Amino acid sequence: MSDFAGKTVLITGAAGGFGRAMAQRFSAAGAKLVLSDYNAHGLGELSATLDTPHWLLAGSVGDEDHCAETVAIADRETGRLDIAINNAGIGHMPGKTADIDSKQATTCVQVNLMGVFFGMKHQLPLLLATHEKHGSIGNIVNFASLAGIGGAPTLSMYSAAKHGVVGLTKSSALEYARRGVRINALCPAFARTPMVEKGILAGNNNAEGEAHLTRGIPMKRLAEVNEIVQAVEWFCAEENSFMTGQAVALDGGTSAM
Ligand SMILES: NC(=O)c1ccc[n+]([C@@H]2O[C@H](COP(=O)([O-])OP(=O)(O)OC[C@H]3O[C@@H](n4cnc5c(N)ncnc54)[C@H](O)[C@@H]3O)[C@@H](O)[C@H]2O)c1
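Quick note, the sequence shown lines up with residues 233 to 489 if you use my numbering.
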C-alpha cells in the first residue's frame, strides 16, 4: 500500500460501498479524511472504524453549498487538499427512455453530474494551492461507470450523466495537466455494493439473480469492492505521475468486446 501520511483526502458518498472501503483504505495509509454523504448515520458508523483524524459532513453533493463546505473543512482543519474522490451517485428506476420519470431523471443528473461539477469547482482551487505550497501533485478521481463509456439500456439518464462525468474529467484534465493536478475517472461494471445488492438486484440477491445481471460480463461475475478501490489507490499513487484524463474501465472484460 502507498503511504498517504500527511495527505488530506476528501471522499463523497463515503457511507456507501466504495466510499466506505476507500475511507478505510486511505485511513490505513495514514491520510486525514473529509467525508461527505447524505446518510449521516452511515457516516457515524464509518467514523468508528477509522484510525486517522477525520471530519464528517452530512448533505447532498447536488447542493453546491455542501460541496463548498467540504472543501472549507479540509482547508480550515488541515490547510490542504491532496486527493478528492467524487464518488456519490444514484441510479433511477430502470425503464426505456420514454418511460423514465422526468423528476427522477433531473435528480439523477443533479447528483451524478452536477454533484461532480460542484465538487471539482470547489476542490480545484485548494488542490492547486496545495500543489503551489508543497510541490506535491494533487488528484481528482471521479466515479463514472461502464455506463459512462457505452450505452446502458433502461438506464439511459444514468448513462447520460456518467458520460457527462467522463467529458468533465477529460476536459478538466487537459486544463490542469501542467498545473499539478491529475484528473481521472473510474468506470466499473456491476460491483457488490448496496447500489447493486439493495438497488438493482433487490429481491434477487441469489446466484440466479447475479448470473442474470452479469450475463454480459466475460468474467460472468460481479466485481468485489476491493477490486475497484485498489485502482483508486493506484490512480493517486505518486509513482503514477503521467496518467491524467483517463476513463479506466474495470469491467471483467466487457468493454473489450
Ligand atoms: N456498484 C456498482 O456496480 C457501480 C458500477 C459503476 C459505477 N458505480 C458508481 O460508483 C459510485 C459509488 O457507488 P456504490 O456502488 O458505492 O453505491 P452505494 O449506493 O453503495 O453508495 C453511494 C453512496 O452515495 C451516497 N449518496 C447518494 N446520493 C448522494 C447525494 N446526493 N449526496 C451525497 N451522498 C449521496 C449514498 O448515501 C451512499 O452512501 C456511484 O457514483 C456509482 O454510480 C457503481
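Where is the CB? At the ideal position from N, CA and C, for every residue including glycine.
Nothing here was measured: the structure is a model prediction, and the numbers come from that model.
Host beta strand (DSSP E) of residue i (start-end)
| i | result |
| --- | --- |
| Arg414 | 413-420 |
| Ala481 | 479-482 |
Counterpart residues of residue i in DSSP-defined beta bridges
| i | result |
| --- | --- |
| His286 | Leu265 |
| Ile315 | Val241, Asn371 |
| Ala423 | Ala455 |
Close Cβ partners of residue i (< 7 Å) along its chain, the five nearest in sequence each way excluded
| i | result |
| --- | --- |
| His395 | Gly380 |
| Asn472 | Trp466 |
| Asp333 | Met325 |
| Gly431 | Gly323 |
| Phe236 | Phe258, Ala261, Gly262, Ala263 |
| Val398 | Ala376, Gly380, Ile381, Ala417, Ala479 |
| Thr464 | According to the sequence provided, residue 464 is Val. The question's Thr does not apply to it. Taken in chain order, the residues that qualify are Met254, Ile317, Val373, Leu418. |
| Ala384 | Tyr390, Ser391 |
| Asn437 | Glu429 |
| Lys328 | Thr386 |
| Gly274 | Ala247 |
First and last residue of the uninterrupted alpha helix (DSSP H) at residue i
| i | result |
| --- | --- |
| Lys452 | Lys452 -> no alpha helix (DSSP H), and no H or E assigned at all. |
| Lys394 | 388-408 |
| Pro385 | First-last for Pro385: undefined, no H or E at that position. |
| Asp295 | Counting along the chain, Asp295 falls outside any alpha helix (DSSP H), and DSSP gives it neither H nor E. |
| Thr339 | 334-341 |
| Ala349 | For the record, residue 349 in the displayed sequence is Phe; it is not Ala. Element bounds for Phe349: 347-366. |
| Met254 | 249-260 |
| Gly276 | 272-279 |
| Ala443 | 439-445 |
Cutoff 6 Å; reference residue i; Cβ partners in own chain excluding five residues on either side
| i | result |
| --- | --- |
| Ala405 | Ile415, Thr476, Gly477 |
| Lys264 | Thr240, Thr284, Pro285, Thr310 |
| Arg312 | Thr240, Thr362 |
| Val413 | Leu359, Gly370 |
| Gln342 | Gly294 |
| Asn271 | Ala247 |
| Asp307 | Leu358 |
| Thr401 | Asn374, Ile415, Ala417 |
Cutoff 8 Å: residue i Cβ touching any chain C Cβ
| i | result |
| --- | --- |
| Met389 | Looking for chain C here will not work: only one protein chain is present. |
Same chain only: Cβ atoms within 8 Å of residue i, ignoring 5 sequence neighbours per side
| i | result |
| --- | --- |
| Leu482 | Leu418, Cys419, Pro420, Ala421, Ala455, Glu459, Ile460, Ala463 |
| Ala409 | Thr476, Gly477 |
| Glu301 | Leu289, Gly291 |
Evaluate contact between the region 362-381 and the region 312-328, counting only Cβ atoms and requiring at least three cross-stretch pairs below 8 Å.
As far as the Cβ criterion goes, the region 362-381 touches the region 312-328, which means the pair count is three or higher.
Is the number of C-beta pairs between the region 272-284 and the region 249-260 that are closer than 8 Å three or more?
The answer is yes - the region 249-260 touches the region 272-284, with three or more Cβ pairs under 8 Å.
Does the structure place the region 238-253 close enough to the region 265-273 that three or more beta carbon pairs sit under 8 Å?
At 8 Å Cβ cutoff, the stretches touch.
Kindly confirm or deny that the region 446-456 and the region 344-353 touch, where touching means at least three C-beta pairs closer than 8 Å.
At 8 Å Cβ cutoff, the stretches do not touch.
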